[in-house]
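Engineer: In our numbering, the protein residues as written are 91 to 311.
By construction, the Cβ of each residue, glycine as well, lies at the ideal position given by its N, Cα and C atoms.
(1) Mark residue 248 as exposed unless 16 or more other C-beta atoms lie within 10 angstroms of its C-beta, in which case mark it buried.
(2) Helix, strand or coil, according to DSSP, for residue 261 in the structure here?
(3) Determine the extent of the alpha helix (DSSP H) in which residue 144 is found, giving its start and end residues.
(4) Do residue 154 and residue 273 have their CB atoms nearer than 8 Å?
(5) Report the three-state DSSP secondary structure of residue 270 (helix, strand or coil).
(6) Taking the beta carbon of residue 209 as the centre, do at least 16 other beta carbons fall within 10 Å, making it buried, or is it exposed?
(7) Taking the beta strand (DSSP E) that residue 159 falls in, what are its first and last residues?
(8) Taking the CB atoms as reference points, tell me whether residue 281 and residue 201 lie closer together than 8 Å.
(9) Could you give the uninterrupted runs of the alpha helix (DSSP H) lying entirely in the stretch 270-300, keeping only those of 4 residues or more?
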């Protein structure tokens with residue numbers, strides 16, 4: 091799972107917030123059970139799952155978000171990477187977007203940001219068809235800036251964070267506002283709203299409920 095504290099936005103001494111996976115995975119994504127579909131009020135689904143507030147906090151964050159992807163990332167942990175300011179990963183990482191396999195749609199603004207970063211065909215391959223993205227392909231396409239060997243990932247990533255942390259904070263943060271200021275935030279919040287509405291609708295669809303229940307049951311056998 092991803093371990094981070096996005097509250098650092100208000101700390102003046104902090105200009106870089108790290109998002110780092112614990113264990114072998116950056117994040118294994120949402121964990122669906124039969125209780126997450128069909129038996130809750132769809133209007134409360136995003137709030138209950140916590141995913142909506144997570145995405146909003148990333149979009150609205152004023153500091154530099156730095157993702158250290160130490161291993162595989164699935165679902166929302168993969169889709170939100172295009173909202174993160176700077177991403178590095180280990181060579182063991184890959185990025186899974188298995189939305190069609192469970193009958194849902196993308197979140198984390200991936201419906202727009204993946205196409206901007208990856209191009210239409212590669213974005214469609216990931217979002218429409220659920221094909222994973224390798225570390226090498228993520229580097230080639232611009233999802234990540236650097237790929238480090240797994241054996242020394244934490245050391246190399248920490249050194250990079252330390253190096254960037256020494257840069258003048260006022261200049262770095264001012265430049266981020268030019269790149270991803272109020273206009274960007276408004277656009278992404280609107281995309282997030284559209285995605286959330288569709289996800290809620292699909293979660294109440296009988297076909298989606300059946301797919302999730304089927305996969306959950308198989309996982310327990």
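Structural biologist: From the atom records:
(1) The residue given as residue 248 occupies position 158 in the chain shown. Exposed is the call here.
(2) In the chain shown, residue 261 corresponds to position 171, counting from 1. Correct three-state label for residue 261: helix.
(3) As a position in the chain shown, residue 144 is number 54, starting the count at 1. Segment 141-150, the alpha helix (DSSP H) holding residue 144.
(4) Within the chain shown, the letter at position 64 stands for residue 154. Within the chain shown, the letter at position 183 stands for residue 273. Contact flag unset, no.
(5) Reading the chain shown from its first residue, position 180 is the one you call residue 270. Looking at residue 270 - three-state DSSP - the assignment turns out to be coil, as it is neither helix nor strand.
(6) Position 119 of the chain shown, counting from 1, holds the residue named residue 209. Exposed: under 16 other Cβ atoms inside 10 Å.
(7) Indexing the chain shown from 1 puts residue 159 at position 69. 154-159 is the span of the beta strand (DSSP E), which, as asked, contains residue 159.
(8) Start at 1 with the first residue of the chain shown, and residue 281 comes out as number 191. Start at 1 with the first residue of the chain shown, and residue 201 comes out as number 111. A contact, by the Cβ cut-off of 8 Å.
(9) 272-293
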